[in-house]
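Colleague: Heads up, the sequence shown is in numbering that gives the first Met the number 0, so the first residue is 0 and it goes up one at a time. The beta-carbon is built from N, C-alpha and C at its ideal position, and this holds for glycine as well.
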Amino acid sequence: MPDDEEQELLALLDDEYARRILIAASEEPMSVERLTECCDASPPTIYRRIDRLTAQGFLDEYQELDPDGHHYKTYSTRLERVAIEIAEGSMEMDVYRRDEDPADRFTRLFEDL
């Protein structure tokens, strides 16, 4: 049975809007306004999914400045893939993120041993 963290990850990836955000933001960094248009969702829906995706480390957040001097954020997908292995009565899940910190990669690899 998946642990709580794995269940949260699976539930997030099962969410249609979360997947749409990840796909759209994988092409180029996007603002909430652009994600709202691309994903055909309301801004509150996009913000809720962004909060969950960012908490999982699936999105990078950037501060931008428009020509009028206003600040806004854009989001870019960090998630590359999720690998699930089911064997011998257990389930193993590996999450691969773009530009993963070397220390985090080493920790993950060490934990897999």
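Would you tell me roughly how many angstroms separate the C-alpha atoms of residue 92 and residue 68, rounded to the nearest one?
Modeller: Taking the first residue of the sequence shown as position 1, residue 92 is located at position 93. Taking the first residue of the sequence shown as position 1, residue 68 is located at position 69. Their backbone Cα atoms lie some 43 Å apart in a straight line.
Colleague: How do the segment 3-11 and the segment 28-41 stand: do at least 3 beta-carbon pairs fall below 8 Å, yes or no?
Modeller: No contact exists between the segment 3-11 and the segment 28-41.
Colleague: Quick one: Cα of residue 74 to Cα of residue 4, how far?
Modeller: Taking the first residue of the sequence shown as 1, we reach residue 74 at position 75. Taking the first residue of the sequence shown as 1, we reach residue 4 at position 5. The alpha-carbon atoms of residue 74 and residue 4 are separated by roughly 23 Å.
Colleague: Starting from the Cα of residue 49, find the closest Cα among 64, 65, 72 and give me that residue.
Modeller: Counted from its first residue, the sequence shown places residue 49 at position 50. Comparing Cα positions, the closest option is 72.
Colleague: For the structure I just gave you, are there three or more beta carbon pairs, one from the segment 46-64 and one from the segment 14-21, closer than 8 Å?
Modeller: With the cut-off at 8 Å, the segment 46-64 and the segment 14-21 touch.
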